[in-house]
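A short write-up of the structure that comes next.
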Amino acid sequence: MKEQEKILKYDLMLKKYIDNKSFIKIFRTVCDKEENVSGFLLGMSNDFMFMHMDYDFMLDGYAIIKKDDFDHIRHSSYERTQRKIFKAEGLLEKAYGFGKPLPLTNWRDIFNTLKNYDFHVIIENLNKDYLDFSIGEIIKVTDKTVSIHNYNPDGQLDEEPKSIKFNTVSIVKFGDLYSTTFRKYLREKKKK
143 MKEQEKILKY
153 DLMLKKYIDN
163 KSFIKIFRTV
173 CDKEENVSGF
183 LLGMSNDFMF
193 MHMDYDFMLD
203 GYAIIKKDDF
213 DHIRHSSYER
223 TQRKIFKAEG
233 LLEKAYGFGK
243 PLPLTNWRDI
253 FNTLKNYDFH
263 VIIENLNKDY
273 LDFSIGEIIK
283 VTDKTVSIHN
293 YNPDGQLDEE
303 PKSIKFNTVS
313 IVKFGDLYST
323 TFRKYLREKK
333 KK
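Take 143 as the starting number for the sequence shown in the working numbering and just add one per residue.
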């Protein structure tokens, strides 16, 4: 099968998942560790997939994943059972979807839009041989980087924003209960 035919077949499968509101699991290996994500695929472009994530039968935030940054996607009886539970609980009618336009064109447009929507983001990016994790408000977006005001698990803000190169970004998450709640309780680090 030619490469273009494979891509077309693959894109048709993803479109079917979106149209049917299929629950799926995306398997990813990042720095030799499993970093899987599950939920409902809301949209896709040539380069990105946009997902409504789940956490213990709740819809909890969103993820944007590079389309070429995963191992495989599963849609088995397990995922179909998960979807049935979401439907029975009324979550597909009440909580499913995003409701705002989100360009899936490039990281610059994505981050600018999330900044305008005032989301704090969780960015997982490759930093040499390990996966780095940053969470915070988007401060600045350039052609090649995003700067966020990172905070630690104590809610203390870093003194300076952290700049992350787009070519290292593995996944971006936002709109989850953790970041939308924790952002209300952030504070500056105490001076020593």
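Built from N, CA and C at the ideal position, the CB exists for glycine as well.
Reduced DSSP category for residue i - H, G, I as helix; E, B as strand; rest coil
i: K209; result: coil
i: R250; result: helix
i: L268; result: strand
i: N292; result: strand
i: E176; result: strand
i: L299; result: strand
i: Y204; result: strand
i: S276; result: strand
i: S187; result: coil
i: K286; result: coil
i: K315; result: strand
8 angstroms Cβ shell around residue i - same chain, five flanking residues per side excluded
i: Y272; result: C173
i: I160; result: L183, L184, G185 and M186
Contacting residues, own chain, Cβ-Cβ under 6 angstroms from residue i (five flanking each side not counted)
i: I207; result: M191 and I313
i: S354; result: In the structure displayed, the chain extends from 143 to 334; residue 354 sits before or after that span and is not available.
i: F168; result: The residue asked about is misnamed: residue 168 is Ile in this sequence, not Phe. Excluding residues within five positions, the ones whose Cβ falls inside 6 angstroms are V179, F212 and I215.
Residue interval of the alpha helix (DSSP H) (run including residue i)
i: R222; result: S219 to A230
Unbroken beta strand (DSSP E) run spanning residue i, endpoints
i: K167; result: F165 to F169
i: F199; result: Looking at the DSSP string, F199 is not in any beta strand (DSSP E), and its letter there is neither H nor E.
*Assess, as a yes-or-no matter, whether the segment 195 to 203 is touched by the segment 291 to 307 under the definition of 3 or more beta carbon pairs within less than 8 angstroms.*
no
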